[in-house]
Every structure is written in structure tokens, then in C-alpha cells.
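Protein chains: 2
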Amino acid sequence: MAAPDTRTRLILAAMKLFWEKGYGSTSVADVLQSARVNSGSLYHFFPGKQDLLLAVLDLYRDGIRRMLIEPAWRGVEDPLERVFALLARYRQSLADTECTYGCPIGSLALELHEPDLAVRERLAANFAAWTDAVHECLIAAGERLPRELDRRELAAFVLTGMEGGVMQARTYRDLSTFDGAVRQLRAYFDRLQREAIPPRALRARPPAPRRKERR
Amino acid sequence: MAAPDTRTRLILAAMKLFWEKGYGSTSVADVLQSARVNSGSLYHFFPGKQDLLLAVLDLYRDGIRRMLIEPAWRGVEDPLERVFALLARYRQSLADTECTYGCPIGSLALELHEPDLAVRERLAANFAAWTDAVHECLIAAGERLPRELDRRELAAFVLTGMEGGVMQARTYRDLSTFDGAVRQLRAYFDRLQREAIPPRALRARPPAPRRKERR
DNA sequence: GTCTATACCCTGATAGAC
DNA sequence: GTCTATCAGGGTATAGAC
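See below:
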């Protein structure tokens with residue numbers, strides 16, 4: 003909890019500004035002012051603006067568990083409910099910002115049209131970390147989901163739903179599209195569970211007798 | 003097919019550039035050069051850069067049927083297949099551009115962090131037009147989908163899947179996340195259809211005789 | 001490592017002749 | 001309606017003293 007050093011102050015300031023205004027619309031001067039650092043110091047630590055972005059993306063990536071996933075999952079044990087608890091956290095962010103909130107990674111991913119490989123790799127790493135967390139839940143759900151279901155693909159689809167939902171909620175300035183996306187996702191999950199072998203049926207009942215025709 | 007007038011050239015050039023580089027990264031000079039128009043002419047037609055954006059968004063909106071929806075649906079009659087034909091068109095765009103393609107509306111929606119009301123309304127109008135087209139399909143599918151299904155919500159969810167899928171495909175520079183999203187969406191649709199009243203059961207069989215118990 | 005000053009370029013927008 | 005010239009401001013990045 004000590005006062006952060008210059009380098010850290012720069013990264014945190016850039017993180018906030020890139021999120022609020024986007025990368026292109028944030029000037030180095032903005033970062034300098036916000037971090038209370040002088041121009042020379044920034045260029046001492048970072049070759050240029052883009053390297054600041056890389057550091058920001060690394061920080062997101064490194065903090066995703068502690069800052070996003072774990073808080074969302076606190077008090078939620080059921081693995082499938084954890085998936086929706088994560089989505090609920092985004093809903094909260096939207097609600098707190100009057101639907102101005104945007105996923106910082108998603109926004110950067112669409113703002114930067116021809117990003118360098120280094121930037122793209124870090125964006126991808128963030129998506130992957132998010133998807134991994136959901137994937138864990140789907141694995142933990144075990145037999146509650148169909149055995150042949152591609153759990154990695156479904157995990158990425160949950161991210162898809164979140165990003166698309168946030169995008170529309172931002173645009174309409176209305177939570178209902180986000181809620182609708184979550185509801186549809188939930189409906190899909192319900193159907194997947196319904197057709198998975200019900201665990202009770204597996205244990206309680208012996209295999210159904212073949213063709214008896216009478217009760 | 004006559005040579006487009008100055009105003010149109012400006013809008014078309016801006017449309018292309020905003021799509022390729024984003025709004026913020028496109029300078030008026032870029033538009034001027036690309037449209038082969040001089041500075042004075044632009045400011046004769048448009049008060050400023052943002053009004054050019056408004057015109058671009060209006061043009062997208064006005065052309066969405068003729069340029070996007072109708073070509074995607076050509077030769078596809080089944081209403082539910084039309085939904086996936088529309089998605090297939092985005093897949094094609096991704097494939098054609100080595101996964102560089104981005105939905106122009108989605109990209110602008112996330113690039114512009116605090117857009118004016120006028121801009122936001124036009125972004126929303128574009129999303130709404132897209133969703134409307136899918137909604138029509140879901141209506142046309144009639145009894146093949148569960149009666150109580152919220153078709154408008156599902157239509158928006160299809161957009162969600164498209165936007166999220168495109169975002170990830172761009173970031174990973176890999177079609178497989180897009181394909182995965184479509185596959186999951188298709189899986190959801192399959193389950194919805196499976197539980198709807200099978201149309202054959204409705205037409206071929208007369209209403210089931212009540213409790214006859216013998217053939 | 002930090003500071004100030006500044007080079008140099010590109011931005012959106014305007015002025016005014018034609 | 002179209003053209004050229006240009007303004008005022010902000011952008012990134014650098015130089016060089018401390």
C-alpha cells in the first residue's frame with residue numbers, strides 16, 4: 003500500500019485513461035498529467051506510447067483472477083452459477099456507469115484496427131485468460147453438461163455473449179439487451195443440462211428394461 | 003452508375019476509411035485525398051467531421067437490406083437457414099480479409115467512448131435494422147420455434163453472437179472462434195426446434211383422441 | 001531518474017479569390 | 001461550388017541540464 007513508484011503510476015494512469023477515452027484519444031500529455039509525471043520520466047521507462055499499452059495489457063492479464071474472477075465468484079460455489087456470476091459482474095459495471103461501461107479489452111480489440119503482433123498477442127492472452135476461467139467451471143460441472151459438448155467452445159461463446167451484450171447495452175444505453183443476451187445464454191445452458199444424463203437417473207434407476215410395453 | 007457527385011464521393015470515401023482505420027485515426031485530409039476533393043468543398047457540404055460520420059451511418063442504415071441482407075439471403079428460402087446465411091456472410095468477410103474484417107458498426111460502437119446522441123442514435127438504428135431482419139426470420143419460422151420464445155430477444159442474441167465472434171476472430175486472427183460461436187448458436191437453435199411442437203405431428207395427425215387407450 | 005523546453009508534424013477548421 | 005493557402009492547437013517524441 004506504499005505510494006506507487008513512477009513507473010506504476012504511469013501504467014495505472016494509462017489504464018484508466020485508455021479505458022475511459024480509448025487508446026487513440028488518450029494523449030501522452032493526458033497520461034503525464036494524470037500520473038503527475040514529467041515527459042522525460044515516461045520516455046525513460048517506455049520507448050513510446052504503445053509500450054505503455056503493452057504494460058497496461060500485461061497488468062490486466064496478470065490481475066484478471068484477483069481483480070475480476072475471484073471477486074465475482076466469492077460466495078458462489080456452484081460452477082455453472084459461477085459462469086453467470088461473472089456475467090452479473092459486467093451487468094453491475096454497466097449499471098454503475100449508466101451503460102457507459104465497456105470491457106477494456108474488447109474496446110481496444112475493436113479500436114485498434116491494425117495492431118502490432120505484440121499488442122494482438124496481449125489482447126488474445128486476456129481473452130484466453132477469461133475463457134479459461136469459464137472453461138474451468140464447465141469442466142467442474144462434469145456430468146451436468148452433455149459429455150460430448152465442446153466445453154472450450156462453449157466457454158468462448160460465453161465471452162462472445164458478454165462482449166456482444168455489453169456492446170449493445172452501451173449503444174442503446176439500456177441494460178435490457180445485455181439482460182436479454184444473458185437470458186438466452188441461460189436458456190441454452192438449461193437445455194444443455196436437461197439433456198445431459200441426469201445424475202439421479204444414473205444412480206437411482208437401473209438401466210431401463212427393453213420394450214416391455216406394459217406397465 | 004454515373005460518376006458520383008462530390009458529396010457522395012466524400013461519404014463513400016469516409017465510409018471506406020472509417021471502416022479501414024477507424025473514425026479517430028481517419029483525418030479529414032485522408033478523406034479529402036481519397037475522394038479527390040478539396041478542403042473547401044467538404045466544409046461546404048458538412049459542418050464538420052462528425053457530420054460526415056452521421057452521413058456514413060445513415061448510408062449504412064439505408065443500404066443494409068440491399069447491400070447486406072438481400073445478398074446473404076439470395077437462394078436461401080428457409081427462414082432459419084437465412085439466419086445462418088447472414089452469419090456465413092460475415093464469415094466470408096473474415097476469410098477474405100485474413101480475419102482483419104470488423105463489423106463497421108460494432109467497431110464504431112466501441113471506438114467512440116462518449117458519442118453524441120446523434121451518433122448513438124444512428125449506431126442503434128443500424129443494430130436495430132440488423133436485428134429486425136433476423137427477427138423476421140424467427141417470426142417466419144412460426145411453430146418450428148417454441149411458442150413462448152421471445153423472438154426479438156433471440157434476434158438480438160444472434161447479433162451478439164456475430165459481434166462477439168467477429169471480435170475474437172479478429173483478435174486471434176483465426177476463424178475458429180467465429181465458427182465456434184456459430185456452432186454454439188446453431189446448437190441452441192437445434193434444441194429450440196427440438197422442443198417446439200413438431201409440425202408433422204400437427205398436420206399429419208388429427209388431434210389426438212382423448213384418452214382412448216386402445217388403437 | 002527527473003526536470004524543462006522545444007522540435008516537428010499533423011489535426012480540424014477557416015478565409016477569401018475565382 | 002471549387003480552389004489554394006493558412007491558422008491555431010495538439011500530437012508524439014527528443015535534447016540536454018540537473
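Protein sequence lines correspond, in order, to chains E and F. Note that my numbering numbers the first sequence so that position 62 is 64, with each residue one more than the last. Note that my numbering numbers the second sequence so that position 212 is 214, with each residue one more than the last. In this text, a Cβ means the ideal position worked out from N, Cα and C, and glycines have one as well.
| Query | Result |
| --- | --- |
| Below 8 Å on the Cβ atoms is my guess for E:L59 versus E:N128; work out the distance and round it to an integer in Å. | 6 Å |
| So E:F159 contacts chain F; which residues on that side make the cut at Cβ distance below 7 Å? | G182, A183, Q186 |
| Of the residues E:G108, E:A131, E:E150, which one's Cα is nearest the Cα of E:Y25? | E:G108 |
| For F:Y45, which three-state DSSP category applies? | helix |
| Measuring only between beta-carbons, confirm whether E:R216 sits less than 8 Å from chain F. | Note on E:R216: pLDDT 41, under 50, position unreliable in the model; the coordinate value appears next. Not one chain F Cβ lies under 8 Å of E:R216. |
| In three-state terms, what does DSSP make of E:I141? | helix |
| Quick check: the Cα distance between F:W132 and E:M17, rounded to an integer number of angstroms? | 33 Å |
| Where E:G65 and E:R91 are concerned, what is the direct C-alpha to C-alpha distance, given to the nearest angstrom? | 16 Å |
| Whose Cβ in chain E lies nearer than 7 Å to the Cβ of F:A126? | T173, Y174 |
| Out of curiosity, what's the CA-to-CA distance linking F:Y174 and E:D134? | 15 Å |
| How about E:F2: is its C-beta nearer than 8 Å to some C-beta of chain F? | Shown here, chain E extends from 3 to 217; a query on residue 2 of chain E therefore has no answer. |
| Got a sec: which bits of the region 8 to 25 of chain E sit with their beta carbon under 8 Å from any beta carbon on chain F, in order along the chain? | E22, K23, G24 |
| Please classify F:I199: does DSSP put it in a helix, a strand, or coil? | coil |
| Along chain F, in chain order, which residues have C-beta atoms closer than 8 Å to that of E:Y190? | Q186, A189, Y190, R193 |
| For the alpha helix (DSSP H) that E:D32 lies in, which residues bound it at each end? | 30 to 37 |
| Anyone know if the C-beta pair for E:V33 and E:V85 falls short of 8 Å? | no |
| List the residues of chain F whose Cβ lies closer than 8 Å to the Cβ of E:L156, in chain order. | Q186 |
| Given this structure, state the Cα-to-Cα distance separating E:A158 from F:A183, to the nearest angstrom. | 7 Å |
| For F:E138, which residues of its own chain have a beta-carbon under 8 Å away from its beta-carbon, when the five flanking residues on both sides are left out? | P81 |
| Give the straight-line distance between the Cα atoms of E:L54 and E:A171, rounded to the nearest whole angstrom. | 29 Å |
| Just the chain E side, please: which residues come within less than 8 Å of F:S27 by C-beta, in chain order? | G26, H115 |
| State the DSSP-derived secondary structure class of F:N128, mapped to helix, strand or coil. | helix |
| Between the region 158 to 167 of chain F and the region 181 to 195 of chain E, do three or more beta carbon pairs fall short of 8 Å? | yes |
| If you measure from the beta carbon of E:A111 to each beta carbon in chain F, is any gap under 8 Å? | yes |
| Taking DSSP as the reference, what is the three-state secondary structure of E:S109? | helix |
| Judging by CA-CA distance, which residue of E:L194, E:Y103, E:G77, E:L12 is the nearest neighbour of E:R146? | E:L194 |
| Can you say whether F:T99 is buried or exposed, counting buried as having 16 or more other CB atoms within 10 angstroms of its CB? | exposed |
| Could you check where the alpha helix (DSSP H) with F:Y92 kicks off and where it finishes? | 81 to 98 |
| Count the other CB atoms within 10 Å of the CB of E:R38; is the residue buried (16 or more) or exposed (fewer)? | exposed |
| If E:V168 and E:C105 are in contact, beta carbons under 8 Å, what's the gap, nearest whole angstrom? | 5 Å |
| So which of F:K23, F:K51, F:E22 has the shortest CA-CA distance to F:L12? | F:K51 |
| Counting contacts by CB-CB distance shorter than 8 Å, is E:Q94 in contact with chain F? | no |
| Do you know how far the Cα of E:R196 is from the Cα of F:M164? | 26 Å |
| Sorted by chain position, which residues of the same chain lie with C-beta nearer than 7 Å to E:F191's C-beta, five sequence neighbours on each side aside? | L82 |
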